[in-house]
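**Student:** Residue numbers (full-length UniProt numbering): 1 to 254.
We put the beta carbon where it would ideally sit given N, CA and C, even for glycine.
Got a structure here, written out as structure tokens. Questions coming.
Encoded structure:
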């Protein structure tokens with residue numbers, strides 16, 4: 001099994017490899033998920049000649065840690081760094097695209113602000129860019145699956161996949177999101193990397209209104225809204241259209 005070494009333990013990763021890839025996506029998932037729920041995205045990207053690299057963050061999937069405990073933004077960033085280096089070594093010279101969903105998008109944005117020249121472009125989805133009332137207390141997080149998606153296949157995965165969950169201690173998540181919210185107001189307007197923000201119009205966890213505001217004031221950010229879609233937009237009923245939008249965006253960066 002493929003693992004990334006880190007001080008917190010060995011983190012499991014997956015690589016969906018395209019034949020003769022022309023770009024590679026480095027992906028970070030969100031709270032309660034793991035890389036195994038992103039096979040459809042991997043196959044869609046591979047069909048377009050794009051590699052997908054994704055890592056189970058700490059406290060998720062096959063990586064160690066208490067359930068739901070990412071550690072810190074820096075821990076997740078270190079995993080993304082290692083995954084990026086693996087992709088660079090495997091396919092030198094092709095564009096690298098940073099991508100993150102929900103908490104993974106927060107880590108991705110930190111990456112872009114710290115090192116804007118490392119990635120050719122970025123994709124974020126379900127991004128909580130302003131405080132989320134349900135997380136401010138730092139208590140146990142219990143997400144209604146209906147907030148996440150209307151796709152019965154995905155909802156069945158959440159219910160029956162032993163590696164996925166919709167409830168856990170939210171202390172770490174709340175702490176790290178609070179750090180991000182303190183930073184984003186001042187620094188996100190400085191974002192310089194072309195970034196596609198994909199969002200569900202009916203996302204109850206991370207309201208799209210915050211993305212609309214940032215997209216209006218931050219020139220590199222392009223917002224693509226999907227009517228009727230919820231938080232886990234990459235695993236919504238519109239997942240094919242979402243994947244196509246990602247491919248089109250990557251094509252534009254070449």
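1. Entirely within the segment 37–125 and at least 3 residues each: give me those beta strand (DSSP E) ranges in chain order.
2. Quick check on the DSSP output: the beta strand (DSSP E) that includes residue 237 runs from which residue to which?
3. What number of angstroms, rounded off, separates the C-alpha of residue 64 from the C-alpha of residue 161?
4. Taking the beta carbon of residue 127 as the centre, do at least 16 other beta carbons fall within 10 Å, making it buried, or is it exposed?
5. Taking residue 35 as the reference, which of 225, 199, 208, 164 has the closest Cα?
6. Residues in its own chain within less than 7 Å of residue 48 by CB, not counting five upstream and five downstream?
7. Given a cut-off of 7 Å, decide if residue 185 and residue 233 are closer than it, judged by their beta-carbon atoms.
8. Flag this pair as touching only if the segment 167–178 and the segment 60–77 have three or more C-beta atom pairs under 8 Å; answer yes or no.
9. Considering only their Cβ atoms, is the gap separating residue 122 from residue 98 smaller than 7 Å?
10. Within 10 angstroms of the Cβ of residue 21, are there 16 or more other Cβ atoms? Answer buried if so, exposed if not.
**Tutor:** Concretely, from the data shown:
1. Given a length threshold of 3 residues, each whole run of the beta strand (DSSP E) inside the segment 37–125 is given here in chain order: 50–55, 96–101, 121–125.
2. Along the chain shown, one-based indexing puts residue 237 at 237. Careful: residue 237 lies outside any beta strand (DSSP E) and carries neither H nor E.
3. For the purposes of this step, residue 64 is taken as residue 64 along the chain shown, with counting starting at 1. For the purposes of this step, residue 161 is taken as residue 161 along the chain shown, with counting starting at 1. Their backbone Cα atoms lie some 17 Å apart in a straight line.
4. The residue labelled residue 127 in the question sits at position 127 within the chain shown. Around the beta carbon of residue 127, 16 or more other beta carbons lie within 10 angstroms, which makes this residue buried.
5. Working through the chain shown from its first residue, we reach residue 35 at position 35. Answer by Cα proximity: 164.
6. Here residue 48 refers to the residue found at position 48 when the chain shown is read from its first residue. Answer for residue 48: 247, listed in chain order.
7. The residue labelled residue 233 in the question sits at position 233 within the chain shown. The residue labelled residue 185 in the question sits at position 185 within the chain shown. Residue 185 sits away from residue 233, with the two beta carbons spaced by 7 Å or more.
8. Yes: at least three Cβ pairs fall under 8 Å.
9. Walking along the chain shown from the start, residue 98 turns up at place 98. Walking along the chain shown from the start, residue 122 turns up at place 122. The criterion of a C-beta distance shorter than 7 Å is satisfied by residue 98 and residue 122.
10. The count along the chain shown starts at 1 and reaches residue 21 at position 21. Buried, by the Cβ-count rule.
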